[in-house]
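Asker: In my numbering, the protein residues as written are 31 to 99.
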């Protein structure tokens with residue numbers, strides 16, 4: 031069940047990201063990170079969304095977390 035939920039959140043986050051709804055996409059990536067803090071993919075996607083919002087310091091921190099996973 032958890033695997034299916036995480037996949038659903040990846041899909042939703044990606045759909046929102048592609049629709050330039052970055053703040054909403056970040057919420058889905060945060061849900062994934064809450065369950066699996068070692069998800070390189072979620073950290074990377076969150077960093078991309080933050081970059082699009084010009085929140086570069088936050089994006090950099092997310093990229094660093096992705097590299098630690």
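Think of the CB as a built atom: it goes at the ideal place given N, C-alpha and C, for glycine as much as any other residue.
Going by beta carbon distance, what residues of the same chain come within less than 7 Å of residue 96, once the five residues before and after it are set aside?
Answerer: Position 66 of the chain shown, counting from 1, holds the residue named residue 96. Contacts found: 70, 73, 74, 77.
Asker: Return the Cβ separation of residue 80 and residue 92 in integer angstroms, given the expectation that the two are a contact with Cβ distance under 8 Å.
Answerer: Sequence index remark: in the chain shown, residue 80 carries index 50 (1-based). Sequence index remark: in the chain shown, residue 92 carries index 62 (1-based). Between residue 92 and residue 80 the Cβ distance is about 6 Å, and since that is below 8 Å, they are a contact.
Asker: For residue 68 and residue 36, which I take to be in contact (beta-carbon distance under 8 Å), what is that distance rounded to the nearest angstrom?
Answerer: Locating residue 68 in the chain shown gives position 38, counting from the first residue. Locating residue 36 in the chain shown gives position 6, counting from the first residue. Rounded, the Cβ-Cβ distance is 12 Å, inconsistent with contact.
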